[in-house]
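Engineer: In the numbering used here, the protein residues as written are 5 to 148.
Let me give you the structure first, and then I'll get to my questions.
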């Protein structure tokens, strides 16, 4: 019985060790070589709770269309509050996979993710908290 168990375990280890079975996910590249800041505009936003989503005229405190500055070297996203004061959010992680730029962060009890397509500048921005989600769509362009 022990020999059969040992042989079965050895066979399983041999099969799982083969490249066809042990495939690692595609690793994100390091930050983009082009670290110029991005000027982003959020054109539409949707507020979602348990019952569904509805279109909204603001993206949090930001009236639409709302503008953001993504500064990769400083690792921040900057906007202006409704009172006209600057709001800075630190970038926690930044990765590039193909044409996708993925930027993530946490502020207080809120998590957020920005997904920008480098080829066409398409922007999707998601902000989540314990009981709701805010989704924004727009565009970004690199600044000279």
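From the three backbone atoms N, C-alpha and C, an ideal C-beta is built for every residue, glycine too.
Because the structure is a prediction, the values reported are computed rather than measured.
Pull up the distance between the alpha-carbon of residue 64 and that of residue 138, whole angstroms please.
Structural biologist: What you label residue 64 is simply residue 60 of the chain shown in a count that begins at 1. What you label residue 138 is simply residue 134 of the chain shown in a count that begins at 1. When rounded, the distance between both Cα atoms is 8 Å.
Engineer: Could you give the DSSP three-state label for residue 55: helix, strand or coil?
Structural biologist: Position 51 of the chain shown, counted from the start, is the residue given in the question as residue 55. Three-state result, residue 55: coil.
Engineer: Quick check on residue 109: buried or exposed, where buried means 16 or more other Cβ atoms within 10 Å of its Cβ?
Structural biologist: Looking up residue 109 in the chain shown gives position 105. Buried, by the Cβ-count rule.
Engineer: When you compare each of 97, 111, 68 to residue 44 by their alpha carbons, which one comes out closest?
Structural biologist: Here residue 44 refers to the residue found at position 40 when the chain shown is read from its first residue. The option with the nearest alpha carbon to residue 44 is 68.
Engineer: Can you round the beta-carbon distance between residue 66 and residue 82 to whole angstroms, since I take them to be within the 8 Å contact cut?
Structural biologist: If you number the chain shown from 1, residue 66 lands on position 62. If you number the chain shown from 1, residue 82 lands on position 78. Incorrect: roughly 11 Å between the Cβ atoms, too far for contact.
Engineer: When burial is assigned at 16 or more other CB atoms within 10 Å of the CB, is residue 86 buried or exposed?
Structural biologist: Start at 1 with the first residue of the chain shown, and residue 86 comes out as number 82. Exposed, by the Cβ-count rule.
Engineer: Quick one, which of 78, 111, 125 has its alpha-carbon nearest residue 46's?
Structural biologist: Your numbering for residue 46 matches position 42 in the chain shown. With distances taken between Cα atoms, residue 46 lies closest to 125.
Engineer: Rounded to a whole number of angstroms, what is the C-alpha to C-alpha distance between residue 142 and residue 130?
Structural biologist: Working through the chain shown from its first residue, we reach residue 142 at position 138. Working through the chain shown from its first residue, we reach residue 130 at position 126. Using only the alpha carbons, I get a separation of about 12 Å.
Engineer: Using the DSSP secondary-structure output, state which residues sit across from residue 146 in a beta bridge.
Structural biologist: Walking along the chain shown from the start, residue 146 turns up at place 142. Its beta-bridge partners are 42.
Engineer: Could you tell me which whole beta strand (DSSP E) segments of length 3 or greater appear in the region 76 to 100?
Structural biologist: 80 to 84, 90 to 94
Engineer: May I ask you to list the residues that DSSP assigns as paired with residue 49?
Structural biologist: As a first step, residue 49 is located in the chain shown; it is residue number 45 there, counting from the start. Partner(s): 60, 140.
Engineer: Please list, in chain order, all residues of the same chain as residue 145 whose beta carbon is under 6 Å from its beta carbon, the five residues on each side excluded.
Structural biologist: Within the chain shown, numbered from 1, the residue matching residue 145 stands at position 141. Hits under 6 Å: 43, 125.
Engineer: Of the residues 48, 98, 115, 113, which one's Cα is nearest the Cα of residue 107?
Structural biologist: Here residue 107 corresponds to residue number 103 of the chain shown, with the count starting at 1. Nearest option by C-alpha distance: 98.
Engineer: Work out the CA separation of residue 41 and residue 96 for me, nearest whole Å.
Structural biologist: For the purposes of this step, residue 96 is taken as residue 92 along the chain shown, with counting starting at 1. For the purposes of this step, residue 41 is taken as residue 37 along the chain shown, with counting starting at 1. If you take the alpha carbons of residue 96 and residue 41, they lie about 16 Å apart.
Engineer: So, at 6 Å on beta carbons, what are the nonlocal neighbours of residue 57 in its own chain, with the 5 sequence-adjacent residues on each side left out?
Structural biologist: In the chain shown, counting from the first residue as 1, residue 57 sits at position 53. Result list for residue 57: 50, in chain order.
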